[in-house]
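Trainee: In the working numbering, the protein residues as written are 1258 to 1544. All C-beta atoms, glycine included, are put in the ideal place defined by N, C-alpha and C. If you're wondering where the values come from, they're calculated on a predicted model, not measured in any experiment.
In structure tokens:
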């Protein structure tokens, strides 16, 4: 037998047990459901990169989970790293071919709404959304980033969209990668058991994706636009949008429009939509 303290023993940290692949498949894979396969790997560079590489020949609904990622990516090429089995690091493959491509930009926002809904129900943690793709929790009264979402087109004509979700679950204060990070544990989660958390997130994703797709990707008919706005911590704040090309724009975030863009009121009645960029919260809603 491998000693429990051996570095490559998946049971070496009993406070962070491995995911139960068999139970996850039994609870999530069903005839007629969205999820068609679920695989858990011990370590990989990036679940998004792995799933994107085989997107063309892989059916919609594939789920790839890693107990540890060594080259996890956030927006703008940023690294996403965490100790093994300290969080949920997974990617899903979606192929909404019956939805107009111009509405696919709602998928990362949909993933945010679905994840926040699931965490509220299962972990008892209020999770806010920072436009466009961050998951925020409160730690000691301070807003912290506990997760992120990255959506990428993959596989050409036969591919679709790979949506990656990274979520800090049991990280301690000493393990946080940067001062502004957080975790469900630090936010007072009632449970940090990753199996029910993953099941809840994937079931919530299936529900929201089904409603959005049934509405032809219409964010209004599917209630997605309304729900995203209700949970978005960016709205109502003065923010700075750091845009591609080194430009920046400052104003009050007043809406998320029908295309999923953040609308900023920049003064003198001028409103400008932002489709991509880094958002910095400059003023809280309460101040």
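1) Reducing DSSP to helix, strand and coil, say where residue 1274 ends up.
2) Take residue 1349 and list the residues in its own chain whose beta-carbon comes closer than 6 angstroms to its own, dropping the five residues that flank it on each side.
3) Do the stretch 1365-1373 and the stretch 1456-1470 meet, that is, are 3 or more Cβ pairs less than 8 angstroms apart?
4) Give me the Cα-Cα distance between residue 1401 and residue 1511, rounded to the nearest whole angstrom.
5) Can you give me the C-alpha to C-alpha distance between residue 1494 and residue 1426, rounded to a whole angstrom?
6) Report all residues from its chain with a CB closer than 6 angstroms to the CB of residue 1472; omit the five preceding and five following residues, and keep chain order.
7) In chain order, which continuous runs of the alpha helix (DSSP H) of length 4 or greater are located wholly inside the stretch 1465-1530?
8) Please state if the CB of residue 1411 and the CB of residue 1306 are separated by a distance shorter than 7 angstroms.
9) Please list, in chain order, all residues of the same chain as residue 1354 whose beta carbon is under 8 angstroms from its beta carbon, the five residues on each side excluded.
10) Any contact of the stretch 1481-1499 with the stretch 1521-1539, i.e. 3+ C-beta pairs under 8 angstroms?
11) Are there three or more Cβ pairs, one per stretch, closer than 8 angstroms when the stretch 1389-1409 is compared with the stretch 1433-1444?
12) For residue 1387, which residues of its own chain have a beta-carbon under 8 angstroms away from its beta-carbon, when the five flanking residues on both sides are left out?
13) Which runs of the beta strand (DSSP E) spanning at least 3 residues fall entirely within the stretch 1378-1437, listed in chain order?
14) So the beta strand (DSSP E) residue 1535 belongs to, where does it begin and stop?
15) Would you say residue 1295 and residue 1282 are within 7 angstroms of each other, going by their C-beta atoms?
16) Should residue 1415 be labelled buried (16 or more other beta-carbon atoms within 10 Å of its own) or exposed?
17) On the premise that residue 1390 lies in contact with residue 1365, defined as a C-beta separation below 8 angstroms, what is that separation, rounded to the nearest angstrom?
Mentor: On the basis of the coordinates in this document:
1) Translated into positions along the chain shown, residue 1274 becomes position 17. DSSP places residue 1274 in coil when its eight states are reduced to three.
2) Looking up residue 1349 in the chain shown gives position 92. Result list for residue 1349: 1320, 1420, in chain order.
3) yes
4) In the chain shown, the residue the question calls residue 1401 occupies position 144. In the chain shown, the residue the question calls residue 1511 occupies position 254. One C-alpha to the other measures close to 22 angstroms.
5) Taking the first residue of the chain shown as position 1, residue 1494 is located at position 237. Taking the first residue of the chain shown as position 1, residue 1426 is located at position 169. The straight-line gap from Cα to Cα measures roughly 27 angstroms.
6) On the chain shown, position 215 is the one that residue 1472 refers to. Once the five neighbours on either side are set aside, the close Cβ partners of residue 1472 are 1478, 1479.
7) 1481-1488
8) Counting from 1 along the chain shown, the entry for residue 1306 is found at position 49. Counting from 1 along the chain shown, the entry for residue 1411 is found at position 154. Not closer than 7 angstroms, so no.
9) Working through the chain shown from its first residue, we reach residue 1354 at position 97. Within the same chain, residue 1354 has close Cβ partners 1417.
10) yes
11) Pairwise C-beta distances place the stretch 1389-1409 in contact with the stretch 1433-1444, as three or more of them are shorter than 8 angstroms.
12) Along the chain shown, one-based indexing puts residue 1387 at 130. Same-chain partners within the cutoff: 1393, 1402, 1489, 1490, 1491, 1536, 1538.
13) 1385-1387, 1391-1396, 1399-1411, 1417-1425
14) One-based indexing of the chain shown puts residue 1535 at position 278. Where residue 1535 is concerned, the enclosing beta strand (DSSP E) stretches over 1535-1538.
15) Here residue 1295 refers to the residue found at position 38 when the chain shown is read from its first residue. Here residue 1282 refers to the residue found at position 25 when the chain shown is read from its first residue. Yes.
16) Translated into the one-based positions of the chain shown, residue 1415 becomes position 158. Answer is exposed; the Cβ neighbour count stays below 16.
17) What you label residue 1365 is simply residue 108 of the chain shown in a count that begins at 1. What you label residue 1390 is simply residue 133 of the chain shown in a count that begins at 1. The Cβ separation is near 5 angstroms, so the contact holds.
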